[in-house]
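J.: One structure is given below, represented as structure tokens, and several questions about it will come after.
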Amino acid sequence: MVGADAGIEDLWKGFFCVASNFSKASETVHRRGDLARAVMSSTAIPGALPPVILDGDLLFDGGIFNNFPVDVMREMRGVGTVIGVDLNITKARRLEFDEVPSGWALLLDRLRPRASRRYRLPSLPALLINSTVLYSMSRQKEARAGTDLYFNPRLEKVGMLDWKRFDQVVQQGYEHALQVLQEAGDRWR
Numbered sequence: 001m002v003g004a005d006a007g008i009e010d011l012w013k014g015f016f017c018v019a020s021n022f023s024k025a026s027e028t029v030h031r032r033g034d035l036a037r038a039v040m041s042s043t044a045i046p047g048a049l050p051p052v053i054l055d056g057d058l059l060f061d062g063g064i065f066n067n068f069p070v071d072v073m074r075e076m077r078g079v080g081t082v083i084g085v086d087l088n089i090t091k092a093r094r095l096e097f098d099e100v101p102s103g104w105a106l107l108l109d110r111l112r113p114r115a116s117r118r119y120r121l122p123s124l125p126a127l128l129i130n131s132t133v134l135y136s137m138s139r140q141k142e143a144r145a146g147t148d149l150y151f152n153p154r155l156e157k158v159g160m161l162d163w164k165r166f167d168q169v170v171q172q173g174y175e176h177a178l179q180v181l182q183e184a185g186d187r188w189r
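Numbering (this note's numbering), first residue to last: 1 to 189.
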């Protein structure tokens, strides 16, 4: 039985999650202990959710250090096929102007209808959240090579906290999965 007090050792399957350890400036891999606190520490997005204190360490979102922990999975005993699901956008975003516009220009641009806006810069919250995972994202190309089956559905224009589009994202993920599995089936025959 898995409840709020259940330890990871109580699970019937092996489990791990990665948290960023602010106290030690490193990643922490949870394999046992309080499941709820481990998952909360792994998903505590800086600025959006409070960090978790565990064994005297301050822990938050594991994506800061290792957002695609294929290396941790490969180190686990008894692991066979590694399936990776990567929700990061892999397409580079180019800007059509040379300097960041003035505050007034940005304000006036925001007053225009969305379709006719000139400046498409990330919002401050998006910039802060995404800047925290840049190091982790730089490691992902290497991590992708460690997967046996890799999923990366195109979720362009969907923010990390864009819950209103949940059903759309699920549908996009499902369609992408069908495509990847078809291609994998063709390769493995």
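All C-beta atoms in this analysis are idealised placements derived from N, C-alpha and C, irrespective of residue type, glycine included.
1) Okay, do the segment 29–47 and the segment 90–110 touch, 3+ Cβ pairs below 8 Å being the bar?
2) I'd like the list of long-range same chain contacts for residue 172, defined as Cβ closer than 6 Å, with 5 residues on each side in sequence excluded.
3) Is it a yes or a no for the segment 52–63 touching the segment 33–44, going by three-plus beta-carbon pairs under 8 Å?
4) For residue 103, name the three-state secondary structure that DSSP assigns.
5) Use the C-beta contact count for residue 166: other C-beta atoms within 10 angstroms, 16 or more gives buried, fewer gives exposed.
6) Report yes if the C-beta distance between residue 70 and residue 147 is below 8 Å; otherwise report no.
7) Do you know how far the Cα of residue 62 is from the Cα of residue 162?
8) Assuming residue 144 and residue 150 are in contact, meaning their beta carbons sit under 8 Å apart, how far apart are those beta carbons, in whole angstroms?
9) DSSP puts residue 30 in a beta bridge; with which residues?
10) Could you tell me the alpha carbon to alpha carbon distance between residue 120 and residue 21, rounded to whole angstroms?
11) If you reduce the DSSP assignment to three classes, tell me which class residue 158 lands in.
T.: In short, the structure shows the following:
1) no
2) 153
3) yes
4) helix
5) exposed
6) yes
7) 20 Å
8) 6 Å
9) 17
10) 34 Å
11) coil
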